[in-house]
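The numbers in the sequence shown follow this note's numbering, run straight up by one, and end at 292. Accompanying notes for the structure given below.
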Amino acid sequence: VLGVGTVGLSWAALFLSYGYCVRLWDPQPGLQARLEEYLATVSLERPLPSHAVQELATVCATVEEAVAHVFFVQENSPENMGTKRQLLKSLDGLCSPSVIVGSSTSSFLLRDMIRDCATEPGRFVLTHPFNPPHLMPLVELFGTVDASVEAAAEFYRSVGRHPVTMRKQLPGHVANRLTSAIFREAVWMLREGIASVEDIDAAMSQGPGMRFAHMGPFQTYHLAAGDGGIAQYLEHLGPSQEARWASLGQDATLDEATKAQIVAGVEEMVRGESVASLAGKRDKTLMAVLKARGRL
Ligand SMILES: NC(=O)c1ccc[n+]([C@@H]2O[C@H](COP(=O)([O-])OP(=O)(O)OC[C@H]3O[C@@H](n4cnc5c(N)ncnc54)[C@H](O)[C@@H]3O)[C@@H](O)[C@H]2O)c1
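Take a look at the structure:
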């Protein structure tokens, strides 16, 4: 695990909980202490093996030491193209050809990141997690060599994740494009004065969000029109869907006034509760959802 911040720590905890030996490197000093503190408090689906910190996790002094004898590298350096290019290029030289390198990048195109990797470019796979990856099953994959993508998918399945493979790469991959479409409409409705931040959030979390914990938009509509399923839905309610699409807000922006309106609305909604406290509650709910879905 290279680059051990928010996402790297979470990946490391997941891999350790499944009994893998994990070698970690981060340029910031103090990683051993940060790792131990994180592992002491993190909520995991599976408890950490008792020897996880002492025997399974190795904090390394260099990238070279970290990737020695590994079969899979999870790269989580900051979202900075120069940093990613330099790190991936050095990995291309250091790792044996069979090693798969997954990058957690949220926004970069794989081809741009591996521009300088001449040795084994096909081993690099975009492996985008949903935060926090130790709880969220989704990992979005994109690669140029099918065998590398399948090897990465196999690895993520071995740690209980659900890989989704993209056939083409677009900014935001699949899941963030869906959430961005929702956020754009939420911001537009706020600006138009349709409802408050709190009510727009409740309209999602108390309504469609409940179903989305179980199934996606296609199956949702498959179950929305009786025994005829999606075909009947499209026939009966397709026109109303198209009418709604035509009325969706097209000109959402994040200008200063809109940002101030969003921030004020969120502050009113959370009533002074800290981000850490809200994240703790989110993680408890995610654990309960995972349990309800029969994953424990
Ligand atoms: N935070 C999220 O919600 C999220 C979700 C999905 C994907 N990602 C992606 O994961 C990656 C990491 O994001 P993050 O939120 O964990 O960032 P972060 O800032 O929390 O962690 C980045 C870590 O990389 C280290 N680092 C700095 N320079 C480095 C270098 N040259 N090589 C290796 N490591 C270096 C930093 O010391 C830090 O510990 C990014 O590509 C981001 O797009 C983040």
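Heads up, the beta-carbon is just placed ideally off N, CA and C, and yes, glycines get one too.
Judged by DSSP in its simplified three-state form, Thr254 adopts helix. Ligand 1 never approaches Val170 closely enough for any of its heavy atoms to be under 8 Å from the residue's Cβ. Ile226 sits in a helix when the DSSP states are folded into three classes. In the DSSP assignment, Leu186 falls within the alpha helix (DSSP H) that extends over 171 to 187. With a beta-carbon spacing of about 14 Å, Phe120 and Ser92 fall beyond the 8 Å limit used to define contacts. For ligand 1, the residues with a Cβ under 6 Å from any of its heavy atoms are, in chain order, Leu(-2), Gly(-1), Val0, Gly1, Thr2, Val3, Gly4, Asp22, Pro23, Gln24, Asn72, Ser73, Pro74, Glu75, Thr79, Leu83, Ser100, Thr101, Ser102, His124, Pro125, Asn127. In the DSSP secondary-structure assignment, Trp21 is bridged to Leu(-2).
Under DSSP, Phe138 forms a beta bridge with Leu122. If you check the CB distance, Glu136 and Val95 do not come in under 9 Å.
The residues Leu(-2), Cys56, Val59, Ala62, in chain order, have a CB closer than 6 Å to that of Trp21 in the same chain once the five nearest residues on each side in sequence are set aside.
Straight through space, the alpha carbons of Ser46 and Ala177 are spaced by roughly 43 Å. When DSSP states are grouped into helix, strand and coil, Gly26 belongs to the coil group. Contact check for Ala248 against Glu150 fails: the beta carbons are separated by 9 Å or more. With a cut-off of 8 Å on Cβ pairs, the region 26 to 44 is not in contact with the region 76 to 93, counting fewer than three such pairs. A check of alpha carbon separations from Val145 across His130, Pro117, Lys80 identifies Pro117 as the nearest. Restricting attention to Asp223, Val183, Met109, Tyr34, the CA atom closest to the CA of Gln165 is found in Met109. Residue pairing for Gln82: DSSP places it in no beta bridge. Taking 8 Å as the upper bound for CB-CB distance, Ser154 and His124 are not in contact here, some 18 Å apart. By the C-beta density criterion, Ser13 is buried, having at least 16 other C-beta atoms within 10 angstroms.
By the neighbour-count criterion, in which a residue is buried when 16 or more other Cβ atoms sit within 10 angstroms of its Cβ, Leu52 is buried.
For Val160, there is no enclosing alpha helix (DSSP H); the enclosing beta strand (DSSP E) covers residues 158 to 161. Counting along the chain, no beta strand (DSSP E) covers Thr216; the unbroken alpha helix (DSSP H) around it starts and ends at 213 to 218. Closest in C-alpha terms to Leu90, from the list Val69, Arg107, Pro74, Asn76, comes Val69. Across the structure, Leu40 and Gln215 are spaced so that their CA atoms are roughly 29 Å apart. Scanning its chain for C-beta atoms nearer than 7 Å, with the 5 sequence neighbours on each side dropped, one finds around Ala209 the residues Val285, in chain order. Judged by DSSP in its simplified three-state form, Ala275 adopts helix. Burial of Arg19 is indicated by the presence of at least 16 other C-beta atoms within 10 angstroms of its C-beta.
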